Amino acid sequence: MTSTILFVDDEPDLEALILQKFRRKIRDGLVDIIFARDGVEALQSLEQNPHVDMVVSDINMPRMDGLSLLAKLQEAEDKKSTIIVSAYGDMSNIRTAMNRGAFDFLTKPIDFADLEATIEKTIRHIEMLREVRRRQIEAERAHAALSRHFSPELARRLAAGGEGEGIQVQWRDIATIFTDITGFTSLVETAPPEMLGALLNEYVGGMTEVVFAHEGTVAKIIGDAIQVLFNAPGDQPDYATRAVACAHDLDAWAQDFCARQSAKGVNFGTTRIGIHAGPALVGNFGGNRFFDYTAYGDSINIAARLEAANKHLGTRICVSASVAKAAENFQGRPVGELMLRGRSEPLRAFEPLPQDKFEAPTTAQYSEAFAKMEAGDVAAMPAFAALVGMHADDSLAGFHLKRLLNGAKGIRMKLE
Numbered sequence: 069m070t071s072t073i074l075f076v077d078d079e080p081d082l083e084a085l086i087l088q089k090f091r092r093k094i095r096d097g098l099v100d101i102i103f104a105r106d107g108v109e110a111l112q113s114l115e116q117n118p119h120v121d122m123v124v125s126d127i128n129m130p131r132m133d134g135l136s137l138l139a140k141l142q143e144a145e146d147k148k149s150t151i152i153v154s155a156y157g158d159m160s161n162i163r164t165a166m167n168r169g170a171f172d173f174l175t176k177p178i179d180f181a182d183l184e185a186t187i188e189k190t191i192r193h194i195e196m197l198r199e200v201r202r203r204q205i206e207a208e209r210a211h212a213a214l215s216r217h218f219s220p221e222l223a224r225r226l227a228a229g230g231e232g233e234g235i236q237v238q239w240r241d242i243a244t245i246f247t248d249i250t251g252f253t254s255l256v257e258t259a260p261p262e263m264l265g266a267l268l269n270e271y272v273g274g275m276t277e278v279v280f281a282h283e284g285t286v287a288k289i290i291g292d293a294i295q296v297l298f299n300a301p302g303d304q305p306d307y308a309t310r311a312v313a314c315a316h317d318l319d320a321w322a323q324d325f326c327a328r329q330s331a332k333g334v335n336f337g338t339t340r341i342g343i344h345a346g347p348a349l350v351g352n353f354g355g356n357r358f359f360d361y362t363a364y365g366d367s368i369n370i371a372a373r374l375e376a377a378n379k380h381l382g383t384r385i386c387v388s389a390s391v392a393k394a395a396e397n398f399q400g401r402p403v404g405e406l407m408l409r410g411r412s413e414p415l416r417a418f419e420p421l422p423q424d425k426f427e428a429p430t431t432a433q434y435s436e437a438f439a440k441m442e443a444g445d446v447a448a449m450p451a452f453a454a455l456v457g458m459h460a461d462d463s464l465a466g467f468h469l470k471r472l473l474n475g476a477k478g479i480r481m482k483l484e
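Residue 69 is where the sequence shown starts when you use our numbering, and the numbers rise one by one after that.
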């Protein structure tokens with residue numbers, strides 16, 4: 069790489085002497101040298117040649133001396149590494165130059181071996197600064213890309229760790245959250261584009277902030293649907309607990325968002341949430357050109373199916389038994405054994421409940437009715453009927469009552 073040096077000196081013989089001493093490096097393309105006779109001409113030359121790497125400047129010159137030039141160079145955004153040349157023993161000027169940011173200094177008469185060594189040292193310093201800046205730019209770009217998926221702190225750690233570190237494809241035990249909005253297609257078809265864009269951006273932005281607050285990873289955002297991962301890319305031993313807590317906060321935020329939109333006359337649908345825990349293939353699947361951190365596997369499909377199951381059950385959150393078992397102090401009520409689309413084996417599912425609802429008497433009544441249904445006790449139907457009679461808004465109890473009235477037996481149900 070060619071280094072460009074600007075020599076600033078009013079001595080008429082200097083140019084020929086410098087070109088003679090550096091002729092071999094100039095011929096080999098190692099350096100390119102330009103000249104200016106004073107500080108004013110030097111600044112003009114820098115405007116025309118912004119690629120100049122370093123400046124070698126005398127102090128005593130007409131119009132603008134070397135110290136004034138140095139001050140101007142330090143005020144610029146692109147500060148040039150500068151070597152100041154001064155008369156031997158002029159320590160006052162040398163001290164002023166160093167205080168103003170000179171990289172090094174030389175004394176007159178110039179020792180060209182010393183000049184060459186000082187220039188080489190300065191070039192190495194410039195190359196080091198360029199490398200630091202290059203890495204900083206790469207880190208900033210990596211952080212910008214990672215910030216779309218990961219919480220700010222995790223994005224900083226991944227960006228600082230270097231390209232690819234921590235996001236390579238691997239099998240991991242994870243918890244996956246899927247969210248979706250009911251009736252969103254109808255909203256797309258009826259709402260003006262500008263209103264829909266603002267609504268969706270506010271919704272996705274708010275939901276993402278909730279996820280990041282729990283240090284989750286946003287794997288995908290497809291329209292109104294969001295996929296969230298826990299225990300990836302970093303280790304989170306409490307990933308199931310985090311996922312359940314995150315789901316509760318997502319549900320609360322989405323409910324509040326719906327209420328705010330309803331007050332404006334906008335019918336924004338309910339957010340449904342599904343969670344499952346299990347092994348998945350996780351990592352960056354974007355190849356060399358794209359960044360696509362996501363997860364694949366049967367456990368991912370199950371989480372998506374559980375999200376869709378809410379539509380039939382009348383619930384907003386539905387989690388698998390693996391999540392309920394792994395989450396610390398899980399509070400919820402059983403849903404039943406679901407035969408999900410694409411699966412041959414039933415999956416036991418639960419509805420997680422916030423503490424106040426979990427401790428309410430109706431939860432105990434529901435558990436008693438569910439136990440009767442699981443045992444095949446004919447008393448299950450009147451138990452659910454009594455519960456629905458007292459709490460008509462209990463959609464899950466109403467769902468089971470309807471099944472029993474239609475002749476269903478037990479807790480296994482097929483959902484399409």
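Each residue gets a CB set at the ideal place from its N, CA and C atoms; glycine is no exception. Since the model is a prediction, treat every value here as computed from it, not as a measurement.
Check                                                                                                                       : Outcome
Range of the contiguous beta strand (DSSP E) that encloses Gln295                                                           : Ala293 to Phe298
Arg163 in three-state terms, based on DSSP                                                                                  : helix
Integer Cβ distance of Ile289 from Val272, believed to fall under 8 Å                                                       : 6 Å
The region 399 to 409 / the region 373 to 389 touching (three or more Cβ pairs under 8 Å)                                   : yes
Test item: CB-CB of Arg471 and Met458 under 9 Å                                                                             : no
Beta-carbon contacts of Phe90 that lie in its chain and below 7 Å, excluding the five residues immediately before and after : Val99 and Ile101
Glu405 (DSSP reduced to helix, strand or coil)                                                                              : strand
8 Å contact criterion, which Ile368 and Ala348 should meet: CB distance rounded                                             : 6 Å
Beta-carbon gap between Ile235 and Gly351 smaller than 9 Å                                                                  : yes
Local conformation of Gly232 per DSSP, three classes                                                                        : Note on Gly232: pLDDT 48, under 50, position unreliable in the model; no value is reported.
Proximal residues to Leu137 (C-beta, below 6 Å), its chain only, five neighbours per side dropped                           : Gly107, Ala110 and Ser125
Beta-carbon proximity check, Asn335 vs Leu255, cutoff 9 Å                                                                   : yes
Neighbour-count burial assignment, Thr70, 16 or more Cβ in a 10 Å radius                                                    : exposed
Those residues which DSSP pairs with Lys379 across a bridge                                                                 : Paired residue(s): none; Lys379 is not in a bridge.
Residue from Glu283, Gly291, Thr253 and Gly333 with nearest C-alpha to Asn269                                               : Gly291
Rounded straight-line distance, which links the Cα of Val456 to that of Gly466                                              : 6 Å
Cβ-Cβ distance between Thr175 and Ser154 below 9 Å                                                                          : yes
Three-state secondary structure (DSSP) of Ala432                                                                            : helix
Within 9 Å, strictly: CB atoms of Ala417 and Leu473                                                                         : no
Helix, strand or coil at Arg480 according to DSSP, with G and I counted as helix                                            : strand
Distance between beta carbons of Val120 and Leu82, contact taken as under 8 Å                                               : 17 Å between Cβ atoms; not a contact.
Ala311 versus Lys477: straight-line alpha-carbon distance, rounded                                                          : 32 Å
Alpha helix (DSSP H) runs wholly inside the region 88 to 175, at least 4 long, in chain order                               : 91 to 95, 107 to 116, 134 to 143 and 159 to 167
Pair within 9 Å by beta-carbon distance, Ile151 and Ala170                                                                  : yes
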